[in-house]
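Following full-length UniProt numbering, the numbering of the sequence shown begins with 1 at its first residue and continues without gaps.
Beta carbons are placed, not taken as given, at the ideal position from N, Cα and C, and that holds for glycine.
None of these values were measured; they are calculated from a predicted model.
Following: one structure in structure tokens, then a few remarks.
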Amino acid sequence: MAPQTHKAVATTALGVFDEIDVETDIPKAGEVLLKVEYASMIAFDTYQTDLGYVVEQYPNILGFNASGIVAAVGPNVDSLKVGDRITAFTYLSNKQRGMQRYCVQPISVCAKIPDSLSLAAAATIPDNFVTAYRAIFFDVGLPIPKSYTGDDTPALVDSPILIWGGGATSAQYQIQVLRAAGYRRIFTTASASHHEYLKSLGASDVFDYRSPTLATEIIEAAGGKRIERVVDCISAEKTITAIAEFIDPNGILAILLPYKRGDNVRAAGDTSAMSWELWPEAPIPATVAVKGVRAFKYQDFEYLKENLLPKILPEMLEKNVIQPNRVKLLDQGTFQERVAVGLELLRKNGVHGEKIIVKVEH
Ligand SMILES: NC(=O)c1ccc[n+]([C@@H]2O[C@H](COP(=O)([O-])OP(=O)(O)OC[C@H]3O[C@@H](n4cnc5c(N)ncnc54)[C@H](OP(=O)(O)O)[C@@H]3O)[C@@H](O)[C@H]2O)c1
């Protein structure tokens, strides 16, 4: 039996966060009640806590991914049952966020996970997996694959696609989703410490993004041609500037919004350092098709809602064609203290190739 109230960690005012008691909801038709064991922390949690970015009301519960056990199901739910282990994209509303002991989710944002996958690792997946799938097949516009075994030979198999920022956890899913769809020329930029790992995920060519000859190296590896398809997983002023040096003028550039001033996953300063559109002075030729990726629009796409988390992700996990991110587990101290450590790591851009996962208990 679920309790009537439970603990959550939420921002209660700009820059202030606390452990609070919230009412436990009852799942309606097509929904499940998730008993959360682990929740992730991402850059967006700091935008909300520190800048009040896209905060509609306080208290504002944190956590855009959560994993745990189905504690109850609403009417008309056949695909999940009490006791199932799931991971969920807990972005839909303040009340549904993951940094709390219980939350109600529609089955469209839930994925059943195999027994071999730990719940902590499973909490790294949904937001970035959704982002990758959306960026590649909806924004860049490559065809939706018929299978995800890596054996298909898609039409553009020989055309390189570049994922900027392979050290970022979101980029690691972009590489894996492309590989699972059969693409073989997957270029990425990352610090040298990530290179071997990114190759193991499916990258064909890995470049150090700090190299002074980066654009030349990329164009050479592409056989002397500029790159037609690029996904920028950092989407900052300086990454866009670097991409301008090797993108084809008639190419497609997908950027993971928000676009940020500076050179990192988290912009320094206030909300004016972030934008939903490229700033006019960005040096990308006007002929490049710039697509803003928004994982938070997941529910707007009927195909994604019906298939991506309920069907495609469980199949890929079962077949072992996609690996979770490596986990930076925060399980010491109180629930609130763990969140405090996570926020501080994110503020300092101090996470490299790992996803911050908080054990949710108090
Ligand atoms: N709109 C959307 O749907 C959506 C979805 C997901 C994420 N995002 C945004 O995308 C960004 C990445 O998120 P994330 O969770 O993947 O980040 P993350 O895992 O925290 O990324 C950390 C990594 O970023 C890399 N990095 C930092 N600056 C870089 C640069 N200038 N060039 C290349 N790599 C750089 C670092 O790689 P090294 O270790 O190699 O230095 C570091 O390991 C965030 O701003 C987030 O808000 C948007």
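Buried or exposed by the 16-neighbour rule on C-beta atoms within 10 Å, applied to residue i
i       : result
Glu-31  : buried
Lys-311 : exposed
Gly-68  : buried
Ala-123 : buried
Ala-268 : exposed
Gly-167 : buried
Val-16  : exposed
Met-1   : exposed
Gln-23  : Just to set this straight, residue 23 is Glu in the shown sequence, not Gln. Its Cβ having fewer than 16 others within 10 Å, Glu-23 is exposed.
Val-360 : buried
Arg-229 : buried
Tyr-38  : buried
Trp-279 : exposed
Trp-164 : buried
Arg-97  : buried
Residue i: CB within 7 Å of a non-hydrogen atom of ligand 1
i           : result
Tyr-91      : no
Asp-263     : yes
Gly-350     : no
Ser-235     : yes
His-6       : no
Asn-94      : no
Tyr-259     : no
Asp-139     : no
Ala-168     : yes
Ser-191     : yes
residue 363 : Residue 363 is absent from the structure shown; the chain starts at 1 and stops at 362.
Phe-44      : yes
Lys-199     : no
Leu-256     : yes
Tyr-209     : yes
Val-231     : no
Gly-223     : no
Arg-266     : yes
Asp-270     : no
Neighbourhood of residue i by C-beta distance below 6 Å, restricted to the same chain and skipping five residues each side
i       : result
Asp-208 : Ala-192
Neighbourhood of residue i by C-beta distance below 7 Å, restricted to the same chain and skipping five residues each side
i       : result
Gly-342 : Met-41, Leu-330, Ile-356, Val-358
Val-265 : Ala-43, Ala-168, Ile-234, Asn-349
Asn-60  : Ala-10, Thr-11, Gln-48, Asn-94
Asp-205 : Phe-187, Ala-221
Neighbourhood of residue i by C-beta, 8 Å cutoff - its chain only, sequence neighbours within 5 removed
i       : result
Asp-232 : Trp-164, Gly-165, Thr-239, Ile-240, Ile-243, Leu-253, Ala-254, Ile-255, Leu-256
Quick one: any contact between the stretch 3-23 and the stretch 99-110, if contact means 3 or more CB pairs under 8 Å?
Contact between the stretch 3-23 and the stretch 99-110 is present: three or more C-beta pairs spanning the two stretches fall below 8 Å.
Counting Cβ pairs closer than 8 Å, one from the stretch 66-82 and one from the stretch 15-28, do we hit at least three?
Contact holds between the stretch 66-82 and the stretch 15-28, because three or more Cβ pairs, one in each stretch, are under 8 Å apart.
If we require 4 or more residues per run, which alpha helix (DSSP H) segments fall completely within the stretch 131-191?
Runs of the alpha helix (DSSP H) inside the stretch 131-191: 169-180.
I'd like the ranges of any beta strand (DSSP E) spanning at least 3 consecutive residues and lying wholly in the stretch 247-271.
247-256, all fully within the stretch 247-271.
Check whether the stretch 295-315 and the stretch 130-137 are in contact - that is, three or more C-beta pairs closer than 8 Å.
Touching, per the Cβ criterion.
Alpha helix (DSSP H) runs contained entirely in the stretch 184-248, provided each spans 4 or more residues:
List check, alpha helix (DSSP H) in window: 195-201, 214-221, 237-244.
Three or more C-beta pairs below 8 Å linking the stretch 273-287 and the stretch 182-199
Counting C-beta pairs closer than 8 Å gives fewer than three between the stretch 273-287 and the stretch 182-199, which falls short of the contact rule.
Touching by the beta-carbon criterion (3+ pairs, under 8 Å), the stretch 222-234 and the stretch 159-166:
Below 8 Å, enough C-beta pairs join the stretch 222-234 and the stretch 159-166 to call them touching: three or more.
Inter-stretch contact (C-beta, 8 Å, three-pair minimum) for the stretch 201-216 and the stretch 252-265
No, they do not touch.
Does the count of Cβ pairs from the stretch 110-124 and the stretch 140-149 closer than 8 Å reach three?
In short, these stretches do not touch, since the Cβ pair count stays below three.
Restricting to runs no shorter than 4 residues, where is the alpha helix (DSSP H) found entirely within the stretch 263-336?
Runs found: 302-307, 313-318.
Report the residue ranges of all alpha helix (DSSP H) runs contained in full by the stretch 83-126; include only those spanning at least 4 residues, in chain order.
Within the stretch 83-126, the runs of alpha helix (DSSP H) that reach at least 4 residues and sit entirely inside it are, in chain order, 119-122.
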